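Residue numbering for the sequence shown follows this note's numbering, starting at 347 and increasing by one per position. Have a look at the structure below before the remarks.
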Amino acid sequence: MNAVLRRLAPRTLRGRLSLVALTTAALLMTVLTVVFNAVVDRHLQRQADDELRTRAAAVATTIDTSGPRVRVLETANDRLFDSNVWIYAGPRPLEQPPSTTADSPLAKAADRLAAHGRHTCATVHADGPRSVRLCSQPVPGHQGAATVVTALDLAPYRSSADALLLGSLVLDTVMLVCTYALTRLAVGRALRPVRTMTDQATQWSAVASDERFGAVERPAELDRLGASLDALLDRIRAVLRHERQLTGELSHELRTPLTRIIMELDWWRARPRSAAETRATHEAIAEAAQSMRTICDTLLNDARENALNPSTAPGTADVVPVLRRLTQQLGTPARVKTTVENADADPDLEAGVAPALLERIVSPLLANAVRYARSSVTVSARRMPGAVRIDVTDDGPGVPEAFVGELFQPGRRADCGDGHDGAGLGLPLARRLARAVGGEVSYDPEHTPGARFTVTLPTG
347 MNAVLRRLAP RTLRGRLSLV ALTTAALLMT VLTVVFNAVV DRHLQRQADD
397 ELRTRAAAVA TTIDTSGPRV RVLETANDRL FDSNVWIYAG PRPLEQPPST
447 TADSPLAKAA DRLAAHGRHT CATVHADGPR SVRLCSQPVP GHQGAATVVT
497 ALDLAPYRSS ADALLLGSLV LDTVMLVCTY ALTRLAVGRA LRPVRTMTDQ
547 ATQWSAVASD ERFGAVERPA ELDRLGASLD ALLDRIRAVL RHERQLTGEL
597 SHELRTPLTR IIMELDWWRA RPRSAAETRA THEAIAEAAQ SMRTICDTLL
647 NDARENALNP STAPGTADVV PVLRRLTQQL GTPARVKTTV ENADADPDLE
697 AGVAPALLER IVSPLLANAV RYARSSVTVS ARRMPGAVRI DVTDDGPGVP
747 EAFVGELFQP GRRADCGDGH DGAGLGLPLA RRLARAVGGE VSYDPEHTPG
797 ARFTVTLPTG
C-alpha cells in the first residue's frame, strides 16, 4: 500500500506542496460545511417550531376550558382546523384533521404528544420520505385541561436545507479548484528563483566560472541557499584547480625519468651491446622507473591526504595559520617586529590554493619586507568578493619610482650593491605562481612610507 502511495505521490516539490494545500483546504472545508449545514438544520427546525407554536396559540384562543367540559368555540376562521391541528380534552381527541385517520402515523404521534400533557415536539416520517414536524401545546383550565397538537410539513424546509447543502458543496469544489490552481501558481513563482539558481549553478560548475550568487539581493531563505551554493562552487573550483595542479606536477616530474628511459632504449638498440652494457642499461631503466614510481606515490599520497582532510577541501589553505607559520619560520632581525592581522576577524578565511603553494607565493614578499624594513612588517588578510587579499607592508625605503616598471622582471634588482643577497627572481616567481591559480601579485606605488605588496587569490 505504501509503495502504491509513493508511486501516486507527485514527483515535484511544487506538486507535493499543492497536494498538501489541497488536502488541508479539503479537510477544513469539510468541517466548515458540516458545521454550517448543522447550524442551518437547527435554525430551520427552530423556525418550524416557532411556526407551530404560533398556530397552536391561535387555535388555543378558540378553546374554552372555563367550564366543567372542554369546548371548541365556533370561529369564522375554520381553516385553522383544516391545517393539521388536533385538539384533545385530556387523552380524548375532540378535533382532528379530516385527511387523517385514527391509525395513521400522524394521528398516533399526536396521541403520544397529547398524553405527555406538556409542550413537546417530534418529527414523524410519513408517506415514505415525507417528514412532518408535530408540536403539542397544553391549554390550562379551571376544571379541565386541553392540548393542542399542530403539524407542519417539513418539505419546504428540507428543500431549503438541500439547496444550501448543494450550494455549499459547489462552492467548496470551486474553492478547492481555485486553491489548487493558486497554490501551484504561487509555489511555481516562489520556486522559480530556485530553479534559476540551480541552472546557473550547474552551468557555472561545468565551466568553473567565477560567477557567484552572493552579489544579488534575495529573500533570507534564498540568501542562505545562495551562500551554500557559492561555498560549493568555490570548493568545486578549488578541487578542479588542485586536479589541474596535480596533473601538471605529474607531467612535469615524470618527463625527466621517462625521457631517460627512452634515451637508454634508443642507445641500446642503436647497435649490438655487450652484456655489461645491457646490464647497465637495465639498471638505468630500473632506476628511472623506480624514480617515476616514487614520484607518483609521493604526489598521489599528498593528494589523498588533502582529499581526506575534513577541515579543508583539497587545494585549500587556512590563510592566517599559514601566514603565522611563515613569520615564525622566517629569520626576522631583532629590530623588526612582524605582525599578522585578520582584518575581518573571519575564522573561516580560506584561499583556494594548497598551503605549500600559498607559502611559495607569500615567502618572497615577506622575505623582501623583512629585509628592507626599518622596524615593522605587517601582514594583513581579508575576504573580498570571490577572493582573498593578503597585504604585506613594511616601513622601509620603498621601491624607487624609476624601478617600478621592472619590479617583476626576472633577474632585475633596484640596487645590486645594497648589501643584500638575492637574484631578482622571488617577485617574478610569486607573480607567476599566483597567476597560475587565477590570482595576482601587485605593488601599490601610492603607499608611503615603505612598500606594500598585495596578493589576491581565489577563495577556498
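By construction, the Cβ of each residue, glycine as well, lies at the ideal position given by its N, Cα and C atoms. Owing to the predicted nature of the structure, the values given are computational and were not obtained by experimental measurement.
Per DSSP, the continuous alpha helix (DSSP H) segment holding D396 begins and ends at L359 to A406. A715 and D737 do not touch by the CB rule: their CB atoms are close to 10 Å apart, not below 8 Å. Taking the CA atoms as reference points, S637 sits about 14 Å from I608. The three-state secondary structure of V562, taken from DSSP, is coil.
In the DSSP assignment, S726 forms a beta bridge with E687 and D737. Using a Cβ distance threshold of 9 Å, P439 and A456 count as a contacting pair. Cβ-Cβ distances below 7 Å link D387 to A507 in the same chain, with the five nearest sequence neighbours on each side left out; the list follows chain order. As a beta-bridge residue in DSSP terms, D410 pairs with R417. Taking all protein chains in view, the Cβ of G513 is surrounded by fewer than 16 other Cβ atoms within 10 Å, so the residue is classified as exposed. In this structure L611 is exposed. Its beta-carbon is surrounded by fewer than 16 other beta-carbon atoms within 10 angstroms. L672 and E629 do not touch by the CB rule: their CB atoms are close to 42 Å apart, not below 8 Å.
Taking a cut-off of 8 Å for Cβ pairs, the region 683 to 693 and the region 721 to 734 touch, as three or more such pairs fall below it. Taking a C-beta distance under 9 Å as the contact criterion, T794 and G742 do not qualify as a contact pair. Boundaries of the beta strand (DSSP E) around H471: T466 to H471. Here S482 is buried. Its C-beta has 16 or more other C-beta atoms within 10 Å. In the three-state reduction of the DSSP assignment, F749 falls in the helix class. No residue range can be given for P731, since it is assigned to no alpha helix (DSSP H) and is classified by DSSP as neither H nor E. Your pair P710 and A776 checks out as a contact, with CB atoms roughly 5 Å apart and the cut at 8 Å.
Under DSSP, T800 shares a beta bridge with D737 and S788. Within the same chain, Cβ atoms closer than 8 Å to the Cβ of D692 are found at R728 and R729, the five residues on either side in sequence being excluded. Distance from the CA atom of R415 to the CA atom of T447, rounded to whole angstroms, is 25 Å.
Between L500 and R479, the beta carbon gap of about 5 Å places them in contact (Cβ cut-off 8 Å). The region 366 to 384 makes contact with the region 515 to 531; the number of CB pairs closer than 8 Å reaches 3 or more. At least 9 Å separates the beta-carbon of V377 from that of V431. For A448, there is no enclosing beta strand (DSSP E), as DSSP marks it with neither H nor E.
Boundaries of the beta strand (DSSP E) around E441: R438 to E441. Judged by their CB atoms, T411 and A491 are nearer to each other than the 9 Å cut-off.
Around the CB of F749, fewer than 16 other CB atoms lie within 10 Å, so the residue is classed as exposed. As DSSP reads the structure, L498 sits in a beta bridge with R479. Distance from the Cα of S505 is smallest, within the candidate group T358, D395 and S477, for S477. Just so you know, the alpha carbons of G572 and Y718 end up roughly 44 Å apart. For T802, the CB contacts under 6 Å within the same chain, skipping 5 residues up- and downstream, are A733, R735, G785 and E786 in chain order.
In chain order, R530, V533, G534 and L537 place their CB closer than 7 Å to the CB of R360, counting only its own chain and leaving out the 5 sequence neighbours on each side. Within its own chain, the residues whose Cβ lies closer than 7 Å to the Cβ of L390, once the five positions on either side in sequence are excluded, are Y503, S506 and A507, listed in chain order. According to DSSP, residue pairing for I433 in a beta bridge involves E441 and V494. When C-alpha distances from E441 are compared across T408, A584 and E567, the shortest belongs to T408.
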